[in-house]
Amino acid sequence: MSNIGYDDTPFLPEPYSQWRVHDGQRPQPTIVAPGATSADPPSDAVILFDGTDLAGWQTTSGGQPEWIVENGYMQVTPRTGDIVTKAQFSDCQLHLEWASPVEVKGEGQGRGNSGIFLMGLYEVQVLDGYDNQTYADGITGAIYAQFPPRVNACRPPGEWQTYDIVFEAPKYQGADLVSPAYLTVFLNGILLHNRQPAHGPTGHRNLSSYESVHGPTGPLKLQDHGDLVKFRNIWMRQVDSYDQA
Ligand code: MG
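The opening residue of the sequence shown carries number 4 in the working numbering; numbering runs sequentially from there.
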């Protein structure tokens, strides 16, 4: 193959110093075929929910979920419990669409509440946050109980809304935390968090910490908070740390 780059350019700094600027020998990026739109799953996505069934999901105790599937979406069946994927993940890119009920009921945390728990532990809040007052670290897109979103980018109740999330799992060495969980979150294409380090698994009315070491992988969990929240078009790409090779 002819040299597609340059061999008389400076070498890059560590840790990439085996490559020159424009090095023709540097490995090519893996080819991924995009979906028809940016919301459609690309060729390397793991489809977690395609609108037809809950085959990839279970209750937190391993049972059959009782959430409704109709018209291409799933909907919380209140008080039947949270649901989790059978598949386990660590670092990932997640796409998910959701809608709060058209009929507005309740206020604050009682309006269109659900949640997306990365690794089953780190909640990005789902809430009807449109013209709805609640504490800032619990509004739509909050890293719950820790970080309010930079902006409130909610659509009106009943409209489909989009989350795109990049999650980096925390890394432990034994009981020592090497790096925290990082979350990058877009709601409806608008940046809410930019590689925000989390304080630990999210909670309610308490401080988070990494004191309890958890495993390197976990499921995606969706919350039953008693409200008729819908979800559709859920897919994930496993994202490895940047390959320095
Ligand atoms: Mg919630």
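Backbone N, C-alpha and C fix where the C-beta goes; we use that ideal spot for every residue, glycine too.
Backbone secondary structure at residue i - three-state DSSP
| i | result |
| --- | --- |
| alanine 139 | helix |
| glycine 115 | coil |
| proline 200 | strand |
| glutamine 164 | strand |
| alanine 148 | coil |
| tyrosine 133 | coil |
| tryptophan 70 | coil |
| lysine 224 | strand |
| methionine 122 | coil |
| alanine 102 | strand |
| glutamine 91 | coil |
| tyrosine 213 | coil |
| valine 127 | strand |
| alanine 248 | Confidence is the limiting factor: at alanine 248 the pLDDT is only 37, short of 50, which leaves the residue's position unreliable, though a coordinate-based value still follows. Of the three classes helix, strand and coil, the one that applies to alanine 248 here is coil, per DSSP. |
| glutamate 171 | strand |
| arginine 82 | coil |
| threonine 187 | strand |
| leucine 194 | strand |
| aspartate 53 | coil |
| valine 181 | strand |
| asparagine 155 | coil |
| lysine 233 | strand |
Residue i CB to nearest heavy atom of ligand 1 below 7 Å
| i | result |
| --- | --- |
| histidine 228 | yes |
| glutamine 164 | no |
| glycine 118 | yes |
| glutamate 126 | yes |
| valine 87 | no |
6 Å CB neighbourhood of residue i in its chain, flanking five on each side removed
| i | result |
| --- | --- |
| leucine 223 | Thr88 |
| arginine 114 | Asp131, Asn135 |
| asparagine 116 | Leu130, His228, Asp230 |
| serine 182 | Lys174 |
| glycine 38 | Pro44, Pro45 |
| phenylalanine 150 | Gln199 |
| histidine 98 | Asp167, Trp238 |
| alanine 156 | Leu190, Asn191, Ile193 |
| histidine 25 | Gly8, Tyr9, Thr12 |
| alanine 139 | Pro151 |
| serine 93 | Ala172, Pro219, Thr220 |
| valine 242 | Asp94, Cys95, Gln96 |
| leucine 225 | Ile86 |
Own chain residues within Cβ distance below 8 Å of residue i, not counting five before or after
| i | result |
| --- | --- |
| serine 212 | His202, Gly203 |
| proline 81 | Asp227, Gly229, Asp230, Leu231 |
| alanine 248 | Annotation note: pLDDT 37 at alanine 248 (below 50); position unreliable, no value reported. |
| histidine 207 | Tyr147, Ala148 |
| histidine 196 | Gly144, Ile146, Phe150, Pro152, Arg153, Leu186, Thr187, Val188 |
Contacts around residue i, its chain only, beta-carbon distance under 7 Å, and the 5 residues preceding and following it disregarded
| i | result |
| --- | --- |
| alanine 178 | Val216 |
| isoleucine 71 | Met77, Gln78, Thr80 |
| glutamine 21 | none |
beta-carbon residue i near ligand 3 non-hydrogen atom, thresh 7 Å
| i | result |
| --- | --- |
| valine 129 | Only ligand 1 can be found as ligands here, which leaves ligand 3 out of the picture. |
CB contact check: residue i to chain B, cutoff 8 Å
| i | result |
| --- | --- |
| glutamine 31 | Protein chains in the displayed structure number just one, and chain B is not present. |
**Prompt:** Would you say the segment 157-168 touches the segment 98-107, given that touching needs at least three Cβ pairs under 8 Å?
**Reply:** yes
Would you say the segment 116-125 touches the segment 164-176, given that touching needs at least three Cβ pairs under 8 Å? yes
Could you tell me whether the segment 75-84 touches the segment 44-61, where touching means 3 or more Cβ pairs closer than 8 Å? yes
Margin query: Threshold first: 4 residues or longer. Then list the alpha helix (DSSP H) segments lying entirely within the segment 4-36, N to C.
Written below: none
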